[in-house]
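Chains as they are written, first to last, in the working numbering: chain G, 661 to 799; chain P, 661 to 799; chain C, 661 to 799. Note that the Cβ used here is the ideal one computed from N, Cα and C, for glycine as well.
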Amino acid sequence: MQQHSYKISVKTNGRRLYDITPQVLTWARSSGFKTGLLTLYVQHTSASLLINENYDPDVLVDLESFFERLVPDGDPLFIHTAEGKDDMPAHIRTALTQTSLSIPIKQGKVALGQWQGIFLYEHRYQSHDRRILMHVIGE
Amino acid sequence: MQQHSYKISVKTNGRRLYDITPQVLTWARSSGFKTGLLTLYVQHTSASLLINENYDPDVLVDLESFFERLVPDGDPLFIHTAEGKDDMPAHIRTALTQTSLSIPIKQGKVALGQWQGIFLYEHRYQSHDRRILMHVIGE
Amino acid sequence: MQQHSYKISVKTNGRRLYDITPQVLTWARSSGFKTGLLTLYVQHTSASLLINENYDPDVLVDLESFFERLVPDGDPLFIHTAEGKDDMPAHIRTALTQTSLSIPIKQGKVALGQWQGIFLYEHRYQSHDRRILMHVIGE
């Protein structure tokens, strides 16, 4: 049994979903595990992780439309507004999605379903460097 | 340290929560681990995983009522509507719940709390074959 | 490769977020792992886990305000009301947040980001004893 870990950095340029599937699969393949468990972890509280459809880009548009309506920017409900009207909504969107994700590795492949992609969800308007840790254990 | 994995298939016949606790516990017991970590992973973007109360079935009714109101089918907000009015809501419900779940194994048992059950949440109206991967690592 | 597990108990006295970061870090450090994966699991269906900002306490106030508005207590939509008007909302808030969380351990430290804290989210009004399992695997 062995383990490996790696940190990837994603430069974001505004609020949207960023497909990180290629980077994750490339690293997982290079790590050489046949069977195991891959865990992704994002080290932020205003960006999150999500597995969703990566075929029709309209899905990503609709996800964003939904979250914008569900958690309105500049909502007078919020008192934590130091960094602007997208500050507190970013924390709430993070709470409603994922900070960690685990995916089995089978037959040397990350066992994503046919339509599944792995996304970093940037919830802030401004550009950020987002760090995602990948950890795999298995053999 | 060892690991095992297994794929279960759940035939769904409409939108609701399906209790998969018995299948998960049966497989976990047969795998013979005394201590370890069990991870469940659903390979879909319109069905998800959830741990919630499995005692009073009214909880499942209310969960569904809530999600139907929160993410209205046929909402004109959505542009990804190719597969019908439950298409995009299914992706959003998946984003709001879980694609992966990890539960420790202690003293040979999956360490669920007293009232916890493990559910597959089917978000589409039509019947589907849903695949859930189970992975356990430990000894 | 080794594993350890431990159960912590958190006495809650009402609905709010409880910062459990110190207890988690203390145990993780004492377990002596240099590299590995830490998993937290809450054995309840009306309390959940969340990673969010632990710097400005206003973030916690706003998270609670948001969830109170999103899932209204005493909503006539709900039929599972045996334990009061916060009963079913507690199950829904649990579904919308996390029951399990996994965080890599690197260089002997739980790899939280700079502003990340780990919280138990108590969703019931009354006092409860909440059990959280911690499991670490690695070396």
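Tell me the rounded alpha-carbon separation between residue i and residue j.
i: residue 791 of chain C; j: residue 709 of chain C; result: 11 Å
i: residue 691 of chain C; j: residue 664 of chain C; result: 7 Å
i: residue 694 of chain G; j: residue 673 of chain G; result: 35 Å
i: residue 783 of chain P; j: residue 749 of chain P; result: 8 Å
i: residue 793 of chain G; j: residue 668 of chain G; result: 6 Å
i: residue 813 of chain G; j: residue 734 of chain G; result: Residue 813 of chain G cannot be examined here, being either before or after the span of chain G that is shown, 661 to 799.
i: residue 731 of chain G; j: residue 696 of chain C; result: 35 Å
i: residue 771 of chain G; j: residue 763 of chain G; result: 7 Å
i: residue 681 of chain C; j: residue 687 of chain C; result: 10 Å
i: residue 796 of chain P; j: residue 703 of chain G; result: 25 Å
i: residue 755 of chain G; j: residue 716 of chain C; result: 16 Å
i: residue 718 of chain G; j: residue 676 of chain P; result: 25 Å
i: residue 781 of chain P; j: residue 773 of chain G; result: 16 Å
i: residue 729 of chain P; j: residue 789 of chain P; result: 26 Å
i: residue 723 of chain P; j: residue 698 of chain C; result: 30 Å
i: residue 727 of chain P; j: residue 742 of chain C; result: 21 Å
i: residue 689 of chain C; j: residue 725 of chain G; result: 42 Å
Can you list, in chain order, the residues of its chain whose CB lies under 8 Å from that of residue i, leaving out five sequence neighbours each side?
i: residue 679 of chain C; result: 714, 777, 778, 779
i: residue 787 of chain G; result: 671, 672, 673, 674
i: residue 661 of chain G; result: 797, 798, 799
i: residue 775 of chain G; result: 713, 714, 715
For residue i, is the classification buried or exposed, using 16 other Cβ atoms within 10 angstroms of its Cβ as the cut-off for buried?
i: residue 765 of chain G; result: buried
i: residue 706 of chain P; result: buried
i: residue 758 of chain P; result: buried
i: residue 753 of chain G; result: buried
i: residue 768 of chain C; result: exposed
For my contact list, residue i and residue j are in at a C-beta cut-off of 8 Å; report their separation, rounded to the angstrom.
i: residue 700 of chain C; j: residue 761 of chain C; result: 5 Å
i: residue 712 of chain C; j: residue 751 of chain G; result: 6 Å
Going by DSSP in three states, residue i sits in which element: helix, strand or coil?
i: residue 751 of chain G; result: helix
i: residue 731 of chain C; result: coil
i: residue 679 of chain P; result: strand
i: residue 706 of chain C; result: coil
i: residue 782 of chain G; result: strand
i: residue 713 of chain P; result: strand
i: residue 789 of chain P; result: strand
i: residue 698 of chain C; result: strand
i: residue 672 of chain C; result: strand
i: residue 761 of chain P; result: strand
With a CB to CB cut of under 7 Å and the five nearest residues on each side skipped, what residues in its chain are close to residue i?
i: residue 683 of chain C; result: 668
i: residue 666 of chain P; result: 687, 794
i: residue 685 of chain C; result: 770
Just to confirm my understanding: we take residue i, look at its own chain, exclude 5 residues before and 5 after, and list those with CB closer than 6 Å. What are they?
i: residue 746 of chain C; result: 733, 784, 785
i: residue 720 of chain P; result: 677
Residue i touches chain B at which residues, Cβ-Cβ below 7 Å?
i: residue 738 of chain C; result: You won't find chain B in this structure, because its protein chains are G, P and C.
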